[in-house]
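Taking it in order: structure first as structure tokens, then the write-up.
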Amino acid sequence: MNPSWLVRIPFAIVFAGHGFGKLAMPTASAEMLNLPLALVLVVGIAELLAGIGAVVAGVEKAPHRLLVDRLTGLAAAPVLIGAIALVHWPRWSFVASESHPLGGMEFQVVLLGIALFLLVGAGQKNS
Numbered sequence: 577m578n579p580s581w582l583v584r585i586p587f588a589i590v591f592a593g594h595g596f597g598k599l600a601m602p603t604a605s606a607e608m609l610n611l612p613l614a615l616v617l618v619v620g621i622a623e624l625l626a627g628i629g630a631v632v633a634g635v636e637k638a639p640h641r642l643l644v645d646r647l648t649g650l651a652a653a654p655v656l657i658g659a660i661a662l663v664h665w666p667r668w669s670f671v672a673s674e675s676h677p678l679g680g681m682e683f684q685v686v687l688l689g690i691a692l693f694l695l696v697g698a699g700q701k702n703s
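For the sequence shown, our numbering begins at 577 and goes up steadily by one.
Written out as structure tokens, the structure is:
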């Protein structure tokens, strides 16, 4: 088994799950996040595609795996930067608080690191 699956699977589950949730209930998501509906839809699509891309690029025989990894990182990184800046900043701890009911940014920073890893192509061997 390729050890990259140990990162890809949880990343894919988180991203695809969040994206699906936003797309399944866009109005409720927009209200909860206090964001415009159009932005929530764009973010939901990006999250869903990033989750799918993380899995597809991990399949050994998939064509253009490096490109898919880079597109996955490119879809995920702006979403995470936006989440950090608009929702979680400046609290670090993921634990929800009165000032940050959705918690701090530490989880999003870890996911951003994974997205950047995929974006620069470090998740693939050069062949």
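For each residue, glycine too, the CB sits at the ideal point set by N, CA and C.
In terms of residues, what are the limits of the alpha helix (DSSP H) holding residue 678?
Taking the sequence shown and counting its residues from 1, one reaches residue 678 at position 102. Unbroken run through residue 678: none, as it is neither H nor E.
Over the uninterrupted alpha helix (DSSP H) stretch that includes residue 641, give me the two end residues.
One-based indexing of the sequence shown puts residue 641 at position 65. It spans 641-659 - the alpha helix (DSSP H) in which residue 641 sits, taken as one unbroken run.
Would you check if the stretch 591-598 and the stretch 615-634 touch, i.e. whether three or more CB-CB distances between them fall below 8 Å?
yes
Secondary structure at residue 619, three-state DSSP: helix, strand or coil?
Walking along the sequence shown from the start, residue 619 turns up at place 43. Helix, per DSSP.
Quick check on residue 638: does DSSP put it in helix, strand or coil?
Along the sequence shown, one-based indexing puts residue 638 at 62. Coil, per DSSP.
For residue 614 and chain B, any beta-carbon pair shorter than 7 Å?
The displayed structure is made up of one protein chain only, and chain B is not part of it.
Which residue comes first and which comes last in the alpha helix (DSSP H) that contains residue 608?
Within the sequence shown, residue 608 is the residue found at index 32, counting from 1. Taken as a continuous stretch (DSSP letters only), the alpha helix (DSSP H) holding residue 608 covers 602-609.
Does DSSP classify residue 591 as helix, strand or coil?
Within the sequence shown, numbered from 1, the residue matching residue 591 stands at position 15. Residue 591: helix per DSSP, three-state reduction.
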